Amino acid sequence: MNKIAVSFLIIATTLLSTACMDYKVDKVELVDSRDSAVVKKGEDIKEETDTINPKKTAKIPIEIVSKDEKIVKYLQIDEESTLKDKLQLILDTLSHEYFNGLDMEVEVQEKDSLVKINLVEPDEKGRVSWKEDYLNEQNIIYTINNIIKNVIQEDDNSIWVEEVEIYYNGELIELT
Numbered sequence: 003m004n005k006i007a008v009s010f011l012i013i014a015t016t017l018l019s020t021a022c023m024d025y026k027v028d029k030v031e032l033v034d035s036r037d038s039a040v041v042k043k044g045e046d047i048k049e050e051t052d053t054i055n056p057k058k059t060a061k062i063p064i065e066i067v068s069k070d071e072k073i074v075k076y077l078q079i080d081e082e083s084t085l086k087d088k089l090q091l092i093l094d095t096l097s098h099e100y101f102n103g104l105d106m107e108v109e110v111q112e113k114d115s116l117v118k119i120n121l122v123e124p125d126e127k128g129r130v131s132w133k134e135d136y137l138n139e140q141n142i143i144y145t146i147n148n149i150i151k152n153v154i155q156e157d158d159n160s161i162w163v164e165e166v167e168i169y170y171n172g173e174l175i176e177l178t
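Set out below in structure tokens:
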């Protein structure tokens, strides 16, 4: 009901302002046509192709398999980033794209090629939760598989992870 009232108010305001408008305009300067604002046709225009901050980036696929549907998106990651930074960027993207922004913290033990991911519930009770929405009986396998598959990145040589452990609020998740 409020949307209709707002719509009528906008229409009434528009009609009233149009009806009360003075159409006698002597001078209109909508476009600045001075030489300083307009480039003349004959002038040479240089195109700069050098990048200011050239960084090598890698294109990493983010894959989500849900029921029978497979969605793939690509993420640009700086090749010189640390393993933890790369994984955190992957997890942040997964979180925002597929897990409604729920927090995932990453801890990397590079000597063991081990990654520990902690799924953290929000401090305030919200409408979305790890336990109720993604770690329930119907979705836990999809959730765990999607996180592990994207962290391991089997096709990418820049991320070396052999083992992934996933925790929920500090407790290791075990599939039975």
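All letters in the sequence shown, in the order written, are residues 3 to 178 by our numbering.
Glycine included, every Cβ here is placed at the ideal spot set by N, Cα and C.
Values in this document were obtained by computation on a predicted structure and should not be read as measured data.
Euclidean distance between Cα positions of residue i and residue j
i, j, result
"Asn148", "Ile64", "9 Å"
"Glu123", "Leu177", "19 Å"
"Lys127", "Asn171", "15 Å"
"Thr84", "Ile146", "24 Å"
"Phe10", "Trp162", "60 Å"
"Lys72", "Lys151", "13 Å"
"His98", "Thr16", "39 Å"
"Glu164", "Asp105", "23 Å"
Supposed contact pair residue j and residue i - C-beta distance, whole angstroms, cut 8 Å
i, j, result
"Ile62", "Ile79", "6 Å"
"Leu93", "Val108", "6 Å"
Beta-bridge pairing of residue i - partner residues as DSSP gives them
i, result
"Met106", "Leu121"
"Ala7", "The partner list for Ala7 (beta bridge, DSSP) is empty, contrary to what the question assumes."
"Ile149", "According to DSSP, Ile149 bridges with nothing at all."
Nearest residue (CA-CA) to residue i, options the options
i, options, result
"Lys57", "Leu77, Glu82, Ser19 and Glu71", "Glu82"
"Asn141", "Leu91, Phe101, Val117 and Ile12", "Phe101"
"Asn186", "Tyr136, Tyr169, Leu89 and Lys88", "With the chain covering only 3 through 178, there is no way to say anything about residue 186."
Residue i burial status per 10 Å Cβ neighbour count (16 or more: buried)
i, result
"Tyr76", "exposed"
"Val27", "Interpretation of Val27 is limited by its pLDDT of 48, a score under 50 that renders its predicted location unreliable; the figure taken from the coordinates is listed afterwards. The residue in question, Val27, is exposed, as its Cβ has fewer than 16 Cβ neighbours within 10 Å."
"Val30", "Because the pLDDT at Val30 is just 46, under 50, the model does not fix this residue reliably, and the value given afterwards should be weighed accordingly. It is exposed - the Cβ of Val30 has fewer than 16 other Cβ atoms within 10 Å."
"Gln111", "exposed"
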